[in-house]
Every structure is written in C-alpha cells, then in structure tokens.
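What follows is a set of notes on a single structure, which appears directly below.
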Amino acid sequence: MDQILELRHIHYAYHNMEGETPALIDISFSMNKGEFVAIVGPSGCGKSTLLSIISGLIEPEKGLIKINGKYLRESTTNIGYMLQHDQLFEWRTIYNNVILGLEVQHMLSARSKEKAHELLDTYGLKQFENAKPSELSGGMRQRAALVRTLILEPDILLLDEPFSALDYQTRLNVGDDIGQIIRREKKTAILVTHDLSEAISLADRVIILTDRPATILQTLPLKFDLEKDTPLNRRNAPEFKTYFNLIWKELNTNE
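Our numbering numbers the first residue of the sequence shown as 6 and each following residue consecutively.
Encoded structure:
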C-alpha cells in the first residue's frame, strides 16, 4: 500500500511564564492510504496536540512530518478536521452549512453543489437540506458535519473526539454510521479518543500513548474474523474483549 503520512521523532512542549512543560517526546509512526488509526492515552497526555501538529496548526519543536512524500509545509494535501462539536451555524440551513467550506475556499461550482446534494442524499440527510441545525438530532448534526468535511475531498481526516458530546446510545449508532462512511469513501483517518471501545470498533490499528510527556507505549494491530466488518459488529465479536483488556492493561500498567 502507498504511504500517505510519516511522523518522525516529533517533540513538543507547552510554554508559559513559568517555563516549559514537555508534552510529546519522540513520536514516530506512518500510515498507508485508506488506513484508520486510533490514538488513545491518559487524559491530558497530548493526543489533541498531536492532531494539531499533523494538521499544521502548530509546529513541532523537533522532528518532521511528511505527507505523500513531501514535507508538511510543502504539501498540497487536503486535511479535514472534525472536532468534538459539530460547529454548524444556526443561521444557515444544513445544505448551506455543508457548502460553507467550498465558499470559503472559492471552490463552489455547479458540480460541487450537485455533489453536496448527492452526499446529503447518500447519508440520509436529503429531507433535511433546508432545515436549521437545531431541528436535527445530535447524531444527524454530526453526520452533516462529516458531509461538510467530505465535500472538500480531504486526503486525511482527523477526528478529535467527534462523538464525545453525544449520549451513549446515539454515540454507538453515529460511530457505526460514520465508521462505515469513512470506509466506503476510502478515507485515511486518525481518531483521537479516550473511549477504548470506540477505538477498537473503528480502527485498523491503535496507538497507545503514555502519560505526559507522551511517548508511544505500543501499537496494536486489530484483526477481526467477521463476514461484515462494521463498528457495531466488532463490539459483539470475541476478539473485542481481548483487545480491550490488552489496551486497558497497558494503560493501567503505565500509570
């Protein structure tokens, strides 16, 4: 498979008036196109900071990042970012929220408008195109937020606790929906989550970070013997508990 992302020896520290606090130490991993990786670790260990570094929002103090073989600063690769909250604007309809990124980037065209309608139809939001965000459930809003991200055709999708604001039942269903959408669209994705079950149900591989300053404790490939490999089906598979216990043990041993 083709490599799309490479992180090599990434270091980062938080700075304030009292000095610096090391956050990430010697983080190295790579990803192939179409791969789904989850990153887990103790609260406050720097998981979201790592996503911000990959997206280019903040720069590492040491190390390098390559995307499609080019250094991050030189890369034209489109990176999509999905946050904890859907960030839909109440004064815009769902359709107009979906095309907002296209407007901002001056990419709005007859074809992109048509694609927005197609994606909303494909993912069950066609009848809500003219609705306001407050008229949708939390799960439907997150689906709309994902469509808004997908319409920009990102090569890499960064997911920062995207389901954490949802209640448990909705979270399971939306996680299943969005996981299948990402697979269907063949997107490369990185999920940051504190929910081990979520990580195991969605990812091809789980990267386990230590407490801050975070290093990579272990990388665990996930293999399921399923006729239909979906997030919900994984949760009922015999391998699921084994992986959960392995990750739980690693995190608690490291405390």
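By construction, the Cβ of each residue, glycine as well, lies at the ideal position given by its N, Cα and C atoms.
C-beta atoms of residue i and residue j nearer than 8 Å
i	j	result
Leu171	Gly129	no
Val152	Val103	yes
Gly46	Thr154	no
Thr193	Asp230	no
Pro27	Pro243	no
Thr224	Phe34	yes
Glu158	Asn83	yes
Ala136	Ile99	yes
Gly39	Lys228	no
Ile70	Leu12	yes
His14	Gly68	yes
Arg146	Leu93	yes
Ser48	His199	yes
Nearest-angstrom Cβ-Cβ length linking residue i and residue j, presumed shorter than 8 Å
i	j	result
Ala18	Asp91	The pair is not a contact, with the Cβ atoms about 31 Å apart (cut-off 8 Å).
Phe245	Ile205	6 Å
Met112	Leu163	Contact doesn't hold; Cβ gap of about 20 Å is too wide.
Glu66	His122	Going by Cβ atoms, the distance from Glu66 to His122 rounds to 45 Å, so no, they are not a contact pair.
Leu222	Leu207	Contact doesn't hold; Cβ gap of about 20 Å is too wide.
Ser117	Leu105	That pair is no contact at about 12 Å.
Thr220	Asp7	Contact flag wrong, Cβ pair sits at about 27 Å.
Leu201	Ile156	Incorrect: roughly 31 Å between the Cβ atoms, too far for contact.
Ile72	Ile9	7 Å
Pro138	Glu95	6 Å
Those residues which DSSP pairs with residue i across a bridge
i	result
Leu8	Note that residue 8 is Gln in the sequence shown here, rather than Leu. Gln8 pairs with Asn37.
Met87	Leu164
Leu196	Ala43, Leu164
Glu25	His20
Lys67	His16
Pro226	Arg210
Ala219	Leu29
Ile72	Leu10, Lys75
Buried versus exposed call for residue i [16 or more other C-beta atoms within 10 Å across all chains shown]
i	result
Leu124	buried
Asp165	buried
Glu203	buried
Phe41	buried
Lys52	buried
Ile63	exposed
Ala43	buried
Tyr248	buried
Phe133	buried
Asp182	buried
Gln174	exposed
Gly24	exposed
Met22	exposed
Thr258	exposed
Thr81	exposed
Practice problem: Could you tell me whether the segment 209 to 216 touches the segment 230 to 243, where touching means 3 or more Cβ pairs closer than 8 Å? | Solution: no
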